[in-house]
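Take a look at the structure set out below.
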Amino acid sequence: LIDNPQISKEDYNFLLPEESLEGYLYPDTYYFVSDENSQEVVKKFLVRFEEVVGPLYENWRGNHHLSLEEVITLASIVEKEACVSSEKPIIAAVFYNRLRKGLRLRADPTVKYALRNSRSRAA
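Residue numbers (the UniProt record's numbering): 1 to 123.
This is the structure:
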């Protein structure tokens, strides 16, 4: 469903046509009715993403050089790297500063993600 959502990505200006929905399905509490199909469910996630993340990113991006896609990727890496929530801002700052300086992240989650994806493509 993430890679083939069967929805019109043109309806969501933050989605690139060739991207999967990985990282764009906003985690929240949702209420569904039993006859909702998968497209309706995905649309709820995307609308909520746009409501919450859109304004935050618009306010943030004026002083920073990362695209929305890069921010989502970085957030995913931070999420996997942190053991407790209180570590996330520190880890994010370290990674952001490394990127700003042109350094490598050197983060375990990036290697694990690459290995997982290469295995699934080989299968």
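Glycine included, C-beta positions come from ideal geometry on N, C-alpha and C. Every value quoted in this text rests on a predicted model; they were computed, and no experiment measured them.
Worksheet entry | C-alpha gap between V33 and Q39, whole angstroms | Taking the first residue of the sequence shown as position 1, residue 33 is located at position 33. Taking the first residue of the sequence shown as position 1, residue 39 is located at position 39. Using only the alpha carbons, I get a separation of about 13 angstroms.
Worksheet item: Is there contact between the region 80-89 and the region 51-60, where contact requires at least three CB pairs shorter than 8 angstroms?
Response: no
Worksheet entry | Supposed contact pair Y30 and K44 - C-beta distance, whole angstroms, cut 8 angstroms | For the purposes of this step, residue 44 is taken as the residue at position 44 of the sequence shown. For the purposes of this step, residue 30 is taken as the residue at position 30 of the sequence shown. Right, their Cβ atoms sit about 6 angstroms apart.
Item to complete: Kindly indicate the opening and closing residues of the alpha helix (DSSP H) around R98.
Response: Numbered from 1 along the sequence shown, position 98 holds the residue referred to as residue 98. Its alpha helix (DSSP H) spans residues 88-100.
Worksheet item: Going by the CB atoms, is the gap between E81 and residue 127 shorter than 7 angstroms?
Response: In the structure as shown, the chain begins at 1 and stops at 123. Residue 127 is therefore absent and cannot be evaluated.
Worksheet item: What is the residue span of the alpha helix (DSSP H) that R61 lies within?
Response: The residue you call residue 61 lines up with position 61 of the sequence shown. It spans 38-61 - the alpha helix (DSSP H) in which R61 sits, taken as one unbroken run.
Discussion item. Taking only three categories from DSSP, how would you classify residue 192?
Written reply: No information on residue 192 is available, as it lies outside the stretch 1 to 123 that the chain covers here.
Fill in: Test item: CB-CB of G23 and S76 under 7 angstroms
Translated into positions along the sequence shown, residue 23 becomes position 23. Translated into positions along the sequence shown, residue 76 becomes position 76. A contact, by the Cβ cut-off of 7 angstroms.
Item to complete: Please classify Y113: does DSSP put it in a helix, a strand, or coil?
Response: Walking along the sequence shown from the start, residue 113 turns up at place 113. Residue state, collapsed to three classes: helix.
Worksheet item: Can you tell which of E79, N97, R100, G102 has the C-alpha that lies nearest to the C-alpha of D108?
Response: Counting from 1 along the sequence shown, the entry for residue 108 is found at position 108. For the residues E79, N97, R100, G102, the minimum Cα distance to D108 belongs to E79.
Worksheet item: If we count the other Cβ atoms within 10 Å of its Cβ and call it buried at 16 or more, is L21 buried or exposed?
Response: Here the question's residue 21 lines up with position 21 in the sequence shown. Looking at its Cβ environment, which holds 16 or more other Cβ atoms inside 10 Å, L21 is buried.
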